[in-house]
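Each remark here refers to the structure printed beneath this line.
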Amino acid sequence: MKKIELHVHLDGSVRPKTVSELLNYDIKDVKNKMMVTSDTKDLTEYLTKFDLPIKAMQTKDNLKRIARELALDLKDDDVIYAEVRFAPILHTKEGLSLDEVVSSVLEGIKSVNEIKINLILCMMRGFSYEDNLKTIMVTKKFLNKGVVGLDLAGDEKKYQTINYKDLFMIAKDNNIPFTIHAGEADTSKSVLDAINFGAKRIGHGIAIVNDDKVLNKVKEKNISLEVCPTSNVDTKAVLSYEKHPIKDLFLKGVKVTVNTDDRTVSNITLSKEYEKLKEYFNFSDEEFLQMNLNAISSSFMNEDEKTRYTKMIMKEKKLN
Ligand code: HPA
Ligand code: ZN
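Below, the structure written as structure tokens:
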């Protein structure tokens with residue numbers, strides 16, 4: 560099935576073999592360090608899984624290779640359009656400038672023709688105002704030149720969404736579309752703050768299932784949720800896959816999209832995620848189509864591209 564993916568992190572989706580080659584580490588060791596196990600405690604521990612790939616993502620060539628390989632992996636997963644995100648500031652530890660980081664990732668993804676990928680740049684919770692402001696400025700510089708939006712990632716439990724209001728006001732004043740990780744490790748209040756800042760989409764957002772007021776606001780404003788079920792099980796945001804609220808949210812009329820978050824960390828592909836959703840919640844092909852159309856309409860593509868991708872998805876449906 561042709562698919563759209565709006566929420567996938569570059570650093571969480573690096574091939575273990577590549578990290579092993581680039582850092583000269585044993586592959587078993589790399590897998591242990593990069594992938595979750597069932598006893599990963601929470602989002603804080605989950606986020607330590609990014610340390611090793613980030614170590615390997617400090618040169619232009621490595622960034623180019625890793626971005627190209629993710630593009631190839633997405634293509635093999637039948638993803639026809641993706642918005643790939645990462646925090647450029649994390650890749651400046653050995654001297655690269657933010658511009659060089661973004662340009663290298665763009666070069667890598669553009670080297671794969673059969674898939675269209677745009678980038679979302681992440682500010683980081685817990686990083687300084689100045690560093691996050693630099694991320695806004697590089698987003699502005701590359702906006703509509705391969706970059707389509709801004710995000711806020713990192714530890715939502717330790718650093719609350721409300722503390723990032725001033726930065727998102729600057730993004731808004733600069734007409735930069737943004738999505739915010741919210742309602743993943745924190746409550747629906749975090750989602751409400753993100754909506755009030757002007758977020759067009761919410762990363763995860765599953766906490767709204769217990770709060771009709773915020774849920775109705777999400778619906779009223781036609782905000783979509785970038786839901787990543789396996790990741791939510793891995794960070795213990797939900798107790799188990801069968802207890803995930805995705806179907807409830809979908810049936811309540813929330814604009815749900817399906818995503819992987821971190822392919823390597825969670826050992827998942829979008830095809831596997833769809834299989835699990837079918838198995839645990841009996842999602843039908845019609846419902847998967849609806850969620851892909853949701854993804855297209857809430858993507859940060861321009862209107863012409865949205866029409867083009869809608870046609871591509873609908874055409875496939877007619878063929879079946
Ligand atoms: N939440 C916050 N930050 C992240 C995540 C996530 O799920 N994945 C990668 N960085
Ligand atoms: Zn994420």
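When we follow the numbering used here, the leftmost residue of the sequence shown carries the number 560, and every step to the right adds one.
Even glycine gets a Cβ: it sits at the ideal position worked out from N, Cα and C.
The structure presented is a predicted model; accordingly, all values stated were derived computationally and were not measured.
For GLU832, the distance from the CB to the nearest heavy atom of the ligand HPA is not below 7 angstroms. The C-alpha of VAL643 is placed about 17 angstroms away from the C-alpha of LEU606. Non-local C-beta neighbours of ILE767 in its own chain, meaning closer than 7 angstroms and more than five positions away in sequence, comprise GLY742, SER747, VAL750, VAL773, LEU774 and VAL777, ordered along the chain. The closest heavy atom of the ligand ZN lies 7 angstroms or more from the beta carbon of ASP863.
Inclusion of GLU743 in the 7 angstroms shell around the ligand HPA follows from its C-beta lying nearer than that to a non-hydrogen atom of the ligand.
Bounds of the alpha helix (DSSP H) holding GLY667 are 657 to 669.
For ALA615, the distance from the CB to the nearest heavy atom of the ligand ZN is not below 7 angstroms. SER825 and SER799 do not touch by the CB rule: their CB atoms are close to 15 angstroms apart, not below 8 angstroms.
Here ASN818 is near VAL786, since their CB atoms are less than 8 angstroms apart. Cα atoms of LEU569 and PHE859: separation of roughly 18 angstroms, rounded to the nearest angstrom. ARG624 and GLU604 have their C-alpha atoms spaced approximately 27 angstroms apart.
Taking C-alpha positions only, ILE676 is separated from THR866 by approximately 16 angstroms.
Excluding sequence positions up to five before and after LEU678, its CB lies within less than 8 angstroms of the CB of GLU642, VAL643, ARG644, PHE645, VAL661, VAL664, LEU665, ILE668, PHE701, GLY705, VAL706 and VAL707, all in the same chain and listed in chain order.
Linking SER687 to ASN841 through their CA atoms gives a straight-line distance of about 44 angstroms.
Contact between GLY757 and PHE727 holds: their C-beta atoms lie close to 7 angstroms from each other, under 8 angstroms. Exclusion of the five residues before and after LYS608 leaves MET593 and VAL824 as the residues of its chain whose Cβ lies within less than 6 angstroms of its Cβ. Exclusion of the five residues before and after MET616 leaves ASP570, LEU622, ILE625 and HIS650 as the residues of its chain whose Cβ lies within less than 7 angstroms of its Cβ. Annotation note: the region 613 to 638 contains the following uninterrupted alpha helix (DSSP H) runs of length 4 or greater, listed N- to C-terminal: 619 to 635. Shortest Cα-Cα distance from LEU611 to any of VAL697, ALA712, ILE695 and LEU582 involves LEU582.
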